[in-house]
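Report on one structure; see the data block that follows.
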């Protein structure tokens, strides 16, 4: 066994929520509003509904192959070499999106707070911390994520509460102006975020109670649905559809906070909390890449891979896109199709189909 | 350290066995262990005198039993470690003068002298016989006196220990307003008796062992059978017997030798000088390790939350205690992060401050020649120097230090424009906050303040949060005797939160902390929440009803 740790149900829920929502905090509301206008919040709800089947497939596949991670049961479903090939593709995909995440947070910090600091330094610093957490194992990752989770959620709730004086729900009206197609288009990007739940398939075997995986994803989706919904509604109520033109709309929401001249512009504090969330998200994916590679190569320990993978991520994060704007454009227009049709939805559906047919064949014998 | 190399060469079963009673003088060890007492008193004395050559504090006193010429006795003890008046009254007077009056003169002979000595003559409570010379030597060294009887190959060990010791005083390190005042002293037996007096139960077990090849320090491992997890006791004893060291002068030696993460700054072994704290820990299923020669008793496993718990928390009312606990957590956070937060906000995030405050700080800092980081660092270092001086300095010059600290470092530095007033306030608040919690619990935070300040000066709040994440992750990875150090917060043990950040009233703390007390989880009967007596309540209700009708 490569990983000796066990994580309990709530730790897994918190990991999943952080895994999906941390980066969505930054840019997702703007992407939704850009497509659906004032009806962006409907896109958020629709994405939650559409995301559930992906989660169901993830859980179902794991329940067919208990005790095995995604990379391991690919071999069982597709056979040795095709399984290894798809496993490699999955790892490359995870590496790609993880480097985007690192870049996203690095850009966020360098664009807004640490102006003039080289992005290399920021990315490297985050990855070094992630590497340290991974060296300590999944259990430590889950526990420390559990410790920071209330702060991440708390800061969001606090932001929403403090910004109430600036809100005007009239800005969300008129409802359903955009029309069904626009709302659906707006829901594709958040759906791709929800689709990251496929990474959960890598840690289901390490749950203390693997039978509760279904319950975990349901809880995750309830919390995530609320977060996405509130992000869009609050963003819209403060800024209206103009939100679509902002890079970091929720950051701008925190900027208008001013409470009796004591709490003014708390965005650096809130930034720190989000960066924490982002760091745990990166760590989680980084861990999955390392663990998956070790399983693909059938190593005895994943720890020798931590630093090499970190170096690859750091280098890739600098070259994954030419600029912040290019990256956001990629996330809004290309990533949903790239991710959904292949690794997040397309492949899992095909895998489940093959697995079910194979299982039926086995039973009939 | 010749005997260490010799030990390594000989890996016989005798060495592998823990607690072999050896003298630490390698060459004599084998002979001494096999040596038995001889029936000849002079030969025994010759051996002892040879063993204790050049030990001027060992006293050899020969006298006659019941004033019979043919029956000689010898008393051997270490001057200063034994109660001399007890020896002269209850041993020497009793055996030489009072025995002839009490017994039939004709009966005593050389052959039955030992029986008479033990059963009729000695007026001492604890008496033990041994035929082993080595055991006799050890008894002498630990303060007992031995009595040798001519013609018998047996030494009588008298429990006559009595030495100059500090009396039981009020705890110096963990004071309380409400609660018992007593604290441990340097004598092991006194310390165990203080705990035994609180827990009058046969299940309180106090096992002894001796550690330290040269110092032969007595160690006692205490636990309550039936509450403690037996595996924990085994683990503690196993870790203790693994220790091979020349001397143990304080429990800190043991702490560093048995802890789980030897290089961590955070204490994963607790220590206290308060008997009530030890008793409470034992009742929760922990194990206490007493070390002779120090008032500091170790308790394992140790959790991080214990840094914000004091014995008084359980004596004072629950609501107030909960408030104080929150205050302590706030203080811990201030002690750790306030200087770095200050540095980060002043150098990177000025927009967070309300404008008047920002202007006021800017005006103060106008004349200051250093960046805020250097300024804060200098003041923090100055404060650490003052604190260290305060602990080490002779009592008589204490006032001088406070004058220097207050006037020169504080006031003059501000007037000279070297530091801003705001920096002084931040440093002073940090210093005060670090004293609010349990002293050893805050040591790590005192140290970690400095790297956090560096990070804050380089990366602003991002650096600060990065540092905090590393600290929290490190703490999450720590274990104390197999139990997660951050429990019950990480991993979350919801039932144990009742005695962590807040404290529930006693009637609500039905279960022991899960991770140490799961062997015997229920601590008290449920449903003890005080209610008004049924009868008076009815009467009161009736009276009210009557009044309403009127």
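Residue numbers (the working numbering), protein chains in the order written: chain Y, 1 to 365; chain L, 1 to 550.
Note that the Cβ used here is the ideal one computed from N, Cα and C, for glycine as well.
Predicted model, so just to flag it, every value in this text is computed and none were measured.
If you reduce the DSSP assignment to three classes, tell me which class residue 158 of chain L lands in.
Counted from its first residue, the second chain places residue 158 of chain L at position 158. Here residue 158 of chain L sits in strand by DSSP.
Tell me which same chain residues have a C-beta within less than 6 angstroms of the C-beta of residue 269 of chain L, skipping the five on either side of it?
Along the second chain, one-based indexing puts residue 269 of chain L at 269. 255, 259, 298, 300 and 302.
What does residue 466 of chain L touch in chain Y if you count any residue whose Cβ is under 7 angstroms from its own?
Along the second chain, read from residue 1 onward, the residue named residue 466 of chain L stands at position 466. Chain Y residues near residue 466 of chain L: 125 and 129.
Is it buried or exposed, residue 179 of chain Y, if we count other Cβ atoms within 10 angstroms and call 16 or more buried?
As a working note, residue 179 of chain Y is residue 179 in the first chain. That one is exposed.
For a quick check, are the C-beta atoms of residue 551 of chain L and residue 376 of chain L less than 8 angstroms apart?
No statement about residue 551 of chain L is possible, as the shown extent of chain L runs from 1 to 550 and does not include it.
Integer Cβ distance of residue 476 of chain L from residue 143 of chain Y, believed to fall under 8 angstroms:
What you label residue 476 of chain L is simply residue 476 of the second chain in a count that begins at 1. What you label residue 143 of chain Y is simply residue 143 of the first chain in a count that begins at 1. Residue 476 of chain L to residue 143 of chain Y, Cβ: 5 angstroms. Contact.
In its own chain, which residues sit with a C-beta less than 7 angstroms from the C-beta of residue 44 of chain Y, not counting the 5 before and 5 after it?
Taking the first chain and counting its residues from 1, the one referred to as residue 44 of chain Y is at position 44. 32, 190, 228, 229 and 232.
Is the beta carbon of residue 109 of chain L less than 8 angstroms from the beta carbon of residue 129 of chain L?
Working through the second chain from its first residue, we reach residue 109 of chain L at position 109. Working through the second chain from its first residue, we reach residue 129 of chain L at position 129. Cβ distance not < 8 angstroms, so residue 109 of chain L and residue 129 of chain L don't count as in contact.
8 angstroms Cβ cutoff met for residue 232 of chain L and residue 287 of chain L:
For the purposes of this step, residue 232 of chain L is taken as the residue at position 232 of the second chain. For the purposes of this step, residue 287 of chain L is taken as the residue at position 287 of the second chain. Result yes, Cβ atoms of residue 232 of chain L and residue 287 of chain L sit closer than 8 angstroms.
Cβ pair residue 213 of chain Y, residue 222 of chain Y closer than 8 angstroms
The residue given as residue 213 of chain Y occupies position 213 in the first chain. The residue given as residue 222 of chain Y occupies position 222 in the first chain. No.
Which residue or residues does DSSP assign as beta-bridge partners of residue 127 of chain L?
Working through the second chain from its first residue, we reach residue 127 of chain L at position 127. Looking at the DSSP assignment, residue 127 of chain L forms a beta bridge with L:158.
Is DSSP giving residue 232 of chain L helix, strand or coil here?
What you label residue 232 of chain L is simply residue 232 of the second chain in a count that begins at 1. Helix, per DSSP.
Out of Y:64, Y:20 and Y:236, point me to the one whose CA is closest to residue 357 of chain Y's CA.
The count along the first chain starts at 1 and reaches residue 357 of chain Y at position 357. Ranking the options by Cα distance to residue 357 of chain Y, first place goes to Y:64.
DSSP puts residue 60 of chain L in a beta bridge; with which residues?
Numbered from its first residue, the second chain carries residue 60 of chain L at position 60. The partner list for residue 60 of chain L (beta bridge, DSSP) reads L:76.
Neighbour-count burial assignment, residue 367 of chain L, 16 or more Cβ in a 10 Å radius
Position 367 of the second chain, counted from the start, is the residue given in the question as residue 367 of chain L. Exposed is the call here.
By DSSP, does residue 24 of chain L sit in helix, in strand, or in coil?
Counting from one through the second chain, the residue named residue 24 of chain L turns up at place 24. Confidence at residue 24 of chain L is low in this model, with a pLDDT of 44, below 50, so its placement is unreliable and no value can be given for it.
Exposed unless 16 or more other CB atoms sit within 10 angstroms - verdict on residue 90 of chain L:
As a position in the second chain, residue 90 of chain L is number 90, starting the count at 1. Label assigned to residue 90 of chain L: buried.
Between residue 294 of chain L and residue 186 of chain L, which are expected to be in contact by the criterion C-beta below 8 angstroms, what is the C-beta distance as a whole number of angstroms?
Mapped onto the second chain, residue 294 of chain L falls at position 294. Mapped onto the second chain, residue 186 of chain L falls at position 186. So it is a contact: roughly 6 angstroms between Cβ atoms.
Given that residue 146 of chain Y touches chain L, what residues does it touch there, using C-beta distances under 8 angstroms?
Locating residue 146 of chain Y in the first chain gives position 146, counting from the first residue. Under the 8 angstroms cutoff, chain L gives 490, 491 and 492.
Would you mind sorting residue 177 of chain Y into buried or exposed? The rule is 16 or more other CB atoms within 10 Å of its CB.
The sequence position of residue 177 of chain Y within the first chain is 177, counting from 1. Exposed, by the Cβ-count rule.
Just checking my contact of residue 243 of chain L with residue 217 of chain L at CB under 8 angstroms: how many whole Å lie between their CB atoms?
As a working mapping, residue 243 of chain L is identified with position 243 in the second chain. As a working mapping, residue 217 of chain L is identified with position 217 in the second chain. Not quite, the Cβ-Cβ distance comes to about 10 angstroms (not below 8 angstroms), so this is no contact.
Closer than 8 angstroms by beta-carbon distance: list the chain Y residues that pair up with residue 460 of chain L, in chain order.
Within the second chain, residue 460 of chain L is the residue found at index 460, counting from 1. Result: 113, 114 and 268.
Please confirm whether residue 365 of chain Y has its beta-carbon closer than 8 angstroms to some beta-carbon of chain L.
By one-based count along the first chain, residue 365 of chain Y stands at place 365. Residue placement at residue 365 of chain Y is flagged as unreliable, the pLDDT there being 45, under the threshold of 50; a coordinate-derived value is accordingly withheld.
Taking Cβ positions, are residue 158 of chain L and residue 145 of chain L nearer each other than 8 angstroms?
Taking the first residue of the second chain as 1, we reach residue 158 of chain L at position 158. Taking the first residue of the second chain as 1, we reach residue 145 of chain L at position 145. Yes. Within cutoff.
Any beta strand (DSSP E) of 3 or more consecutive residues that is wholly inside the region 236 to 314 of chain L:
270 to 272, 287 to 291 and 297 to 300
Tell whether a beta-carbon distance below 8 angstroms holds between residue 295 of chain Y and residue 71 of chain Y.
Along the first chain, one-based indexing puts residue 295 of chain Y at 295. Along the first chain, one-based indexing puts residue 71 of chain Y at 71. In this structure, residue 71 of chain Y lies closer than 8 angstroms to residue 295 of chain Y by Cβ.
Which chain L residues sit within Cβ distance under 8 angstroms of residue 271 of chain Y?
The residue given as residue 271 of chain Y occupies position 271 in the first chain. Those within 8 angstroms of residue 271 of chain Y in chain L are 461 and 462.
Name the chain Y residues that come within less than 8 angstroms of residue 472 of chain L, Cβ to Cβ?
Residue numbering aside, residue 472 of chain L sits at position 472 when the second chain is read from its first letter. Here the neighbours are 144, 147 and 148.
Can you pull the chain L neighbours of residue 276 of chain Y, defined as C-beta to C-beta under 8 angstroms?
If you number the first chain from 1, residue 276 of chain Y lands on position 276. Neighbours of residue 276 of chain Y on chain L, chain order: 465 and 469.
The region 385 to 399 of chain L: which residues have C-beta closer than 8 angstroms to a C-beta of chain Y, in chain order?
none
Endpoints, alpha helix (DSSP H) assigned at residue 511 of chain L:
For this step, residue 511 of chain L is matched to residue 511 along the second chain. Careful: residue 511 of chain L lies outside any alpha helix (DSSP H) and carries neither H nor E.
Stretch pair the region 338 to 357 of chain L + the region 459 to 473 of chain L: three plus CB contacts closer than 8 angstroms
yes
Does DSSP put residue 218 of chain L in a helix, a strand or coil?
Looking up residue 218 of chain L in the second chain gives position 218. If DSSP states are grouped into helix, strand and coil, residue 218 of chain L belongs with the strands.
Span of the beta strand (DSSP E) around residue 207 of chain L
Counted from its first residue, the second chain places residue 207 of chain L at position 207. Its beta strand (DSSP E) spans residues 204 to 211.
Distance, Cα to Cα, residue 508 of chain L vs residue 200 of chain L?
Locating residue 508 of chain L in the second chain gives position 508, where the first residue counts as 1. Locating residue 200 of chain L in the second chain gives position 200, where the first residue counts as 1. About 24 angstroms.
Which residues, in order along the region 274 to 299 of chain Y, keep a beta-carbon less than 7 angstroms from a beta-carbon of chain L?
275, 276 and 279
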